[in-house]
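Here's the structure we're looking at; comments come further down.
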Amino acid sequence: MLKIHSIETFWAHEWPGIRTVFFLQWCQFKCLYCHNPDTISMKWWTEMSDEELLKIVENNKIYFGKKGWVTASGWEPTLQAKWLTSLFKKLKNSWINTTLDTNWFVLNEDVAELLKYTDLVLLDIKHIDDKKHKTLTWQSNKKTLIFLDYLEKNNIKFWIRHVLVPEYTDNEEDIEKLWKYLQKYKNLERLEILPYHTLWVFKWKELKMKYGLEGIEQPNRESIEKTVNILKKYIKNVYVRG
Ligand code: SF4
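Pasting the structure below:
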């Protein structure tokens with residue numbers, strides 16, 4: 008049984024096709040800007056079997072066209088790898104593409120098995136500098152970066168996502184450093200910049216949790232363009248996601 012936080016059956020943004028997204032419960036990071044702070048703990052979830060989830064996907068398959076996908080997001084899908092593998096196997100049998108949207112904190116046998124049934128990995132690199140990564144997420148980035156090697160070695164396609172937070176991740180040197188680190192990976196298909204936004208701050212307040220980025224504004228257009236221009240010197244597939 009998978010611990011599910013919520014489900015989006017018709018996710019049309021930020022993707023070349025319609026997708027169904029399963030947001031899974033539980034995360035070992037504690038990002039200062041988390042947009043789903045209620046997924047961090049193991050408290051708020053609904054247990055669902057892979058058959059139940061498959062049925063939801065099958066009911067929505069009509070909208071998929073040729074580019075329909077199912078994404079396991081949340082966070083953190085790899086923490087429920089064993090159960091997710093069973094679902095992904097069934098999806099692949101139904102010719103449905105599968106994506107993992109992850110910060111990749113775990114790499115074990117279960118995750119390796121899950122990857123055999125995964126078409127695309129969306130990997131979040133919160134910060135390339137380990138010390139700054141810890142400030143932002145309370146965890147090291149070492150496991151996430153090691154995971155890139157695993158993806159490359161096993162020829163698994165991936166996209167990198169990077170949240171642009173003023174004063175935390177928008178430093179020019181860090182952006183250059185991020186690319187220098189990534190340039191060796193041939194399976195990197197695309198780099199996405201996600202401008203930080205404050206839309207979800209209310210959730211922290213509702214949960215009576217202290218919000219760690221109080222007073223930090225959303226990045227302005229100039230800052231977003233500057234970041235994209237730095238990256239575009241090196242890779243043409245750079246996109247800004249709303
Ligand atoms: S990795 Fe995602 S779910 Fe986990 S704390 Fe960070 S933003 Fe929240």
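Following this note's numbering, the residues of the sequence shown are numbered contiguously, the last one being 249.
Positions of the beta carbon are idealized from the N, C-alpha and C atoms, including for glycine.
These numbers come from a predicted model, not from an experiment.
Closest to residue i by CA distance: which of the options is it?
| i | options | result |
| --- | --- | --- |
| asparagine 178 | Lys99, Ile135, Lys160 | Ile135 |
| leucine 201 | Glu174, Val64, Lys149, Ile231 | Ile231 |
| asparagine 183 | Asp156, Asn148, Gln146, Tyr241 | One point to set straight first is that residue 183 is glutamate, not asparagine, in the sequence displayed. Selected option, being the one with the closest Cα: Tyr241. |
| methionine 8 | Ala88, Lys233, Asn66 | Ala88 |
| lysine 264 | Glu54, Cys41, Lys97, Tyr192 | Residue 264 cannot be examined here, being either before or after the span of the chain that is shown, 8 to 249. |
| valine 77 | Tyr246, Gly219, Phe17 | Phe17 |
| tyrosine 203 | Lys10, Cys41, Ser147, Met55 | Cys41 |
| threonine 27 | Leu60, Asp117, Met216, Trp186 | Leu60 |
| aspartate 137 | Thr151, Glu83, Thr205, Leu129 | Thr151 |
Is residue i close to ligand 1? I mean its beta-carbon at under 7 Å from any heavy atom of the ligand.
| i | result |
| --- | --- |
| histidine 42 | yes |
| asparagine 110 | yes |
| threonine 106 | no |
| tryptophan 82 | yes |
| phenylalanine 209 | no |
| threonine 151 | no |
| threonine 144 | yes |
Would you mind stating whether residue i and residue j have Cβ atoms separated by less than 8 Å?
| i | j | result |
| --- | --- | --- |
| leucine 86 | tryptophan 33 | yes |
| isoleucine 163 | asparagine 194 | yes |
| histidine 12 | leucine 39 | no |
| phenylalanine 95 | threonine 105 | yes |
| isoleucine 223 | glutamate 180 | no |
| aspartate 185 | isoleucine 132 | In the sequence as displayed, the identity of residue 185 is leucine instead of aspartate. Contact: yes. |
| phenylalanine 250 | leucine 189 | Absent from the structure is residue 250, since the part of the chain shown begins at 8 and ends at 249. |
Quick one: grab the DSSP three-state call for residue i.
| i | result |
| --- | --- |
| arginine 248 | coil |
| isoleucine 132 | coil |
| valine 235 | helix |
| aspartate 57 | helix |
| proline 7 | A query on residue 7 cannot be resolved here, the shown segment of the chain reaching from 8 to 249 and no further. |
Is it the case that the stretch 119-126 contacts the stretch 151-167, given that we only count it when at least three CB pairs across the two stretches are under 8 Å?
yes
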